[in-house]
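**Q** Dropping a structure here in structure tokens format, bear with me for questions.
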Amino acid sequence: MAIIYSSSASYSKDYPSFRLLDGRFAINFKDPTALLNSEYPPFGEGNLWECNGYRYEEASVAATDYHVKTVGGVKLYVVTDGLQEINVRAFGVTGDGITDDAPALNRAIEVVQNSSGMLVVPPGVYRYGSELQITDALIFRGAGLRRTIFQPMDGYSGWFMSITETNFVGSSNNGPVVNLSKDGSGVHLMDFSVRSSRDLNTGAQHGIRCIGRNDRMRWRNVYVECLEGTHFYFGFSNGTNSEGNPAASYIRECDFYNIESRGGGNSSTGSPAIVFNSYGVGDATNLCNFYGMRMVYPYAVGIEFRNDSTGQAVRRLKFFGLLLHGPGSTGITATDPLMRLRGRVSQCDFYSLQGNSTNAGQSAIRMQAENGYIPQGHRFWADISSGSGDTFDIDGAKDIYISCTGLAGAGVDFTVGANVAGPIIIDTMGQVPTTSFHANTAHHVSSLQTGNAALPARLDKIILGGENDSPHITHGDLAPEGQISAPVGSLYVQTSQDTDRDSDSLYVKRAGTGSTGWESVMLAVGGGNSSRPVTPTPYQYYFDNNYNRPVFADQNGNWIDVSTWTTTKPTSQSSTGRAGQVAADSSYIYVCVSANNWVRCPSTPW
């Protein structure tokens, strides 16, 4: 016989009641705690237990795959059919700040990720003494950064959570046949924090690691604070594959919003606070966006980009509003870089990058060679507001663009080392930076790109300096006198040229105002008589090889020959010669009075 009860009956809130449901026996409790503390014996496989809208189905006495077990030894499955949200309390998770909730949380994760639901973690402090493990698509949602808190058990040393092989590898969501059966991508984490204290002396405590290949994750409002180790590790090693090579490990096509590491890293173990990495010969970490990410008070390297073993570069990561906050006046003595890019890492963009509070001897951003590769193709739009350390330390890199609206560090703003192999383009927005450039690589540093013949810089006018009378460098197809206005000291290139070897290609503004005062820059050219310009530039110089003497053009462009000595004395009155040429021997002085017309006069000794 069953007791049929009304859900509004007051007694149903205080002790179990019974009813028939779908032809099965059902027992109702006021909450999961009362249900799990029940000493009732089993009612039989398939019967239902209920509390607060959650249903449990009795498992067989011999079952080993049950989800929870009551004090009375009844094994139950949590029924998730039709539920969009599932509370972890249904699995016996307490959140009391005392109990090790990790086993119950892992049971909840396993069940819910297989049912494609959302696992809800209500307000509370959830202790963990083992790693939470996600292996399939799951939405894991807390109640807020300061309301859902995860904290390691006393003495626990290890990771808080792992996300392993949640990817779309092997799935097909395009083409004539759509097959998503192998698509396990899309882990969502949101609205919780992981907190500890660095003075527990328990050894390394780490945060969240993404093992193997993980695609299309979405994280929102996730903080890891004061764990003595790495807080976020993207692209964690997944061991070796069947061929004995490193298994592929990366993250792809993911979005992260408001995630923070505070007080992370461990210099004694070489653990950065945040790591981006890749393994394997396939793809690599790429195509991910980070919005409002913060790395604060690191005890070692803050953010590390590296590529331990992969066939492709870690690449195309976009950061919007990334904050790198150094230890500053906190008493943390770390001098490792706040962010370091090593080896085969390329094409990352940092928009509105903010740096603050570096220690003396500590750089905000460092780039260096690793495994025969150097970082390349990175762009930074940065504001460095304060700090006792250095800003950009570029020991090895190429194709780097940096634009800074603030350079308030007390150390060196830009250091360029010996392993730089390509252009380093720097725009300091009018600020005067402090620099230290290696003698062999300083030529790579500029404020405009160089060495790109396929895409040259094209400028109509260059102004040298910031004053009103700064000289210009410009060009045109007219002679500038009376046509081109420019300050004194300007240079002008006339682009309309003929074959004449004259001096009308380059002009300097020597004096005057407006468009007057241009002077041509005279070219010291020479050649045969037939190569003389037909219409020389006024005051032009030319050396005539045939007659072995210089000639000049007057103000009207007429050639004026300069009398010159010739060592070839005439042998007759009609010997070859030009007016003004002079020769001599022991008997006569010879003067060419007109073309090929010589006269002579005897010479006598003193």
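Numbering (this note's numbering), first residue to last: 187 to 792. Glycine included, every Cβ here is placed at the ideal spot set by N, Cα and C.
Between the beta-carbon of residue 375 and the beta-carbon of residue 392, is there less than 8 Å?
**A** As a first step, residue 375 is located in the sequence shown; it is residue number 189 there, counting from the start. As a first step, residue 392 is located in the sequence shown; it is residue number 206 there, counting from the start. No; because the gap between Cβ atoms is not below 8 Å, this pair is not in contact.
**Q** If I follow the unbroken beta strand (DSSP E) through residue 482, where does it start and stop?
**A** Start at 1 with the first residue of the sequence shown, and residue 482 comes out as number 296. Under the DSSP assignment, residue 482 falls in the beta strand (DSSP E) whose first and last residues are 480 to 482.
**Q** Taking the beta strand (DSSP E) that residue 660 falls in, what are its first and last residues?
**A** Looking up residue 660 in the sequence shown gives position 474. Looking at the DSSP string, the run of the beta strand (DSSP E) that includes residue 660 is 658 to 662.
**Q** Considering just the uninterrupted stretch of the alpha helix (DSSP H) at residue 290, what are its terminal residues?
**A** Stepping through the sequence shown from its first residue, residue 290 is reached at position 104. Residue 290 -> alpha helix (DSSP H) spans 288 to 301.
**Q** Which partner residues of residue 738 appear in the DSSP bridge assignment?
**A** Sequence index remark: in the sequence shown, residue 738 carries index 552 (1-based). Beta-bridge pairing links residue 738 to 727, 746.
**Q** Reducing DSSP to helix, strand and coil, say where residue 285 ends up.
**A** Working through the sequence shown from its first residue, we reach residue 285 at position 99. For residue 285, the secondary structure class from DSSP, reduced to helix, strand or coil, is strand.
**Q** In angstroms with no decimal places, state the Cα-to-Cα distance between residue 454 and residue 488.
**A** Here the question's residue 454 lines up with position 268 in the sequence shown. Here the question's residue 488 lines up with position 302 in the sequence shown. Spanning the two alpha carbons is a distance of roughly 14 Å.
**Q** Helix or strand or just coil, what does DSSP make of residue 629?
**A** Your numbering for residue 629 matches position 443 in the sequence shown. Note: residue 629 maps to helix in three-state DSSP.
**Q** Compute the Euclidean distance between the alpha carbons of residue 287 and residue 314, then round it to the nearest angstrom.
**A** Looking up residue 287 in the sequence shown gives position 101. Looking up residue 314 in the sequence shown gives position 128. Taking the straight line joining both Cα atoms gives about 6 Å.
**Q** Answer with buried or exposed for residue 792, where buried requires no fewer than 16 other C-beta atoms within 10 angstroms of its C-beta.
**A** Position 606 of the sequence shown, counted from the first residue, corresponds to residue 792. Exposed, by the Cβ-count rule.
**Q** Tell me which same chain residues have a C-beta within less than 7 Å of the C-beta of residue 779, skipping the five on either side of it?
**A** For the purposes of this step, residue 779 is taken as residue 593 along the sequence shown, with counting starting at 1. Counting only Cβ-Cβ distances below 7 Å, and skipping sequence neighbours, we find 765, 785.
**Q** For residue 532, count neighbouring C-beta atoms within 10 Å of its own C-beta (all shown protein chains included) and say buried if the count is 16 or more, exposed if not.
**A** One-based indexing of the sequence shown puts residue 532 at position 346. Looking at its Cβ environment, which holds 16 or more other Cβ atoms inside 10 Å, residue 532 is buried.
**Q** If distances are taken between C-alpha atoms only, which option among 529, 653, 499 comes closest to residue 471?
**A** Walking along the sequence shown from the start, residue 471 turns up at place 285. Checking every option, the nearest Cα to that of residue 471 belongs to 499.
**Q** For residue 634, collect the residues of the same chain with a Cβ closer than 8 Å to its Cβ; drop the 5 residues on either side in sequence, then sort them by chain order.
**A** Within the sequence shown, the letter at position 448 stands for residue 634. Only 611, 643 meet the Cβ criterion.
**Q** DSSP puts residue 527 in a beta bridge; with which residues?
**A** Working through the sequence shown from its first residue, we reach residue 527 at position 341. In the DSSP output, where bridge partners are listed per residue, residue 527 has 491, 553.
**Q** Give me the Cα-Cα distance between residue 737 and residue 566, rounded to the nearest whole angstrom.
**A** Counting from 1 along the sequence shown, the entry for residue 737 is found at position 551. Counting from 1 along the sequence shown, the entry for residue 566 is found at position 380. Using only the alpha carbons, I get a separation of about 58 Å.
**Q** Alpha carbon to alpha carbon, how far is residue 528 from residue 394? Give it in angstroms, no decimals.
**A** The residue you call residue 394 lines up with position 208 of the sequence shown. The residue you call residue 528 lines up with position 342 of the sequence shown. Rounded to whole angstroms, residue 394 to residue 528 spans 22 Å at the Cα level.
**Q** Pull up the distance between the alpha-carbon of residue 682 and that of residue 739, whole angstroms please.
**A** Counting from 1 along the sequence shown, the entry for residue 682 is found at position 496. Counting from 1 along the sequence shown, the entry for residue 739 is found at position 553. So the alpha carbons of these two residues sit roughly 21 Å apart.
**Q** Could you give the residue range of the beta strand (DSSP E) that holds residue 318?
**A** Taking the sequence shown and counting its residues from 1, the one referred to as residue 318 is at position 132. 318 to 320 is the extent of the beta strand (DSSP E) around residue 318.
**Q** Residue 219 by DSSP, collapsed to three states: which one?
**A** Position 33 of the sequence shown, counting from 1, holds the residue named residue 219. Annotated three-state conformation of residue 219 is helix, per DSSP.
**Q** Do you know whose CA, among 662, 669, 645, 676, lies nearest residue 655's CA?
**A** Residue 655 sits at position 469 when you count from the first residue of the sequence shown. The shortest Cα separation from residue 655 among 662, 669, 645, 676 belongs to 676.
**Q** Exposed or buried, residue 490, counting other C-beta atoms within 10 Å across all chains shown (16 or more means buried)?
**A** In the sequence shown, the residue the question calls residue 490 occupies position 304. With 16 or more neighbouring CB atoms inside 10 Å of its own CB, residue 490 falls in the buried class.
**Q** Residues in the same chain with beta-carbon distance under 7 Å from residue 253, minus the five sequence neighbours each way, listed in chain order, please.
**A** The residue you call residue 253 lines up with position 67 of the sequence shown. The beta carbon of residue 253 sits closer than 7 Å to those of 262, 263, 264, 277, 293, 297, all from its chain and outside the five residues before and after it, given in chain order.
**Q** Provide the residue(s) that pair with residue 786 in DSSP beta bridges, ordered along the chain.
**A** Reading the sequence shown from its first residue, position 600 is the one you call residue 786. For residue 786, which the question treats as bridged, DSSP gives the partners 776.
**Q** What are the boundary residues of the beta strand (DSSP E) that residue 601 is part of?
**A** In the sequence shown, residue 601 corresponds to position 415, counting from 1. Residues 600 to 602.
**Q** Give every residue of the same chain whose Cβ lies closer than 6 Å to the Cβ of residue 673, excluding the five residues on either side of it in the sequence, and list them in chain order.
**A** In the sequence shown, counting from the first residue as 1, residue 673 sits at position 487. Taken in chain order, the residues that qualify are 655, 657.
**Q** Got a sec, what are the start and stop residues for the beta strand (DSSP E) residue 350 sits in?
**A** The count along the sequence shown starts at 1 and reaches residue 350 at position 164. Taken as a continuous stretch (DSSP letters only), the beta strand (DSSP E) holding residue 350 covers 344 to 350.
**Q** Can you grab the Cα-Cα spacing for the pair residue 557 / residue 588, in whole Å?
**A** Along the sequence shown, read from residue 1 onward, the residue named residue 557 stands at position 371. Along the sequence shown, read from residue 1 onward, the residue named residue 588 stands at position 402. Cα-Cα distance, rounded: 25 Å.
**Q** Given that a residue counts as buried once 16 or more other Cβ atoms are within 10 Å of its Cβ, and exposed if not, what is residue 552?
**A** Walking along the sequence shown from the start, residue 552 turns up at place 366. Looking at its Cβ environment, which holds 16 or more other Cβ atoms inside 10 Å, residue 552 is buried.
**Q** Measuring CB to CB, does residue 776 end up less than 8 Å from residue 788?
**A** Position 590 of the sequence shown holds residue 776. Position 602 of the sequence shown holds residue 788. Not in contact: residue 776 and residue 788 (Cβ atoms no closer than 8 Å).
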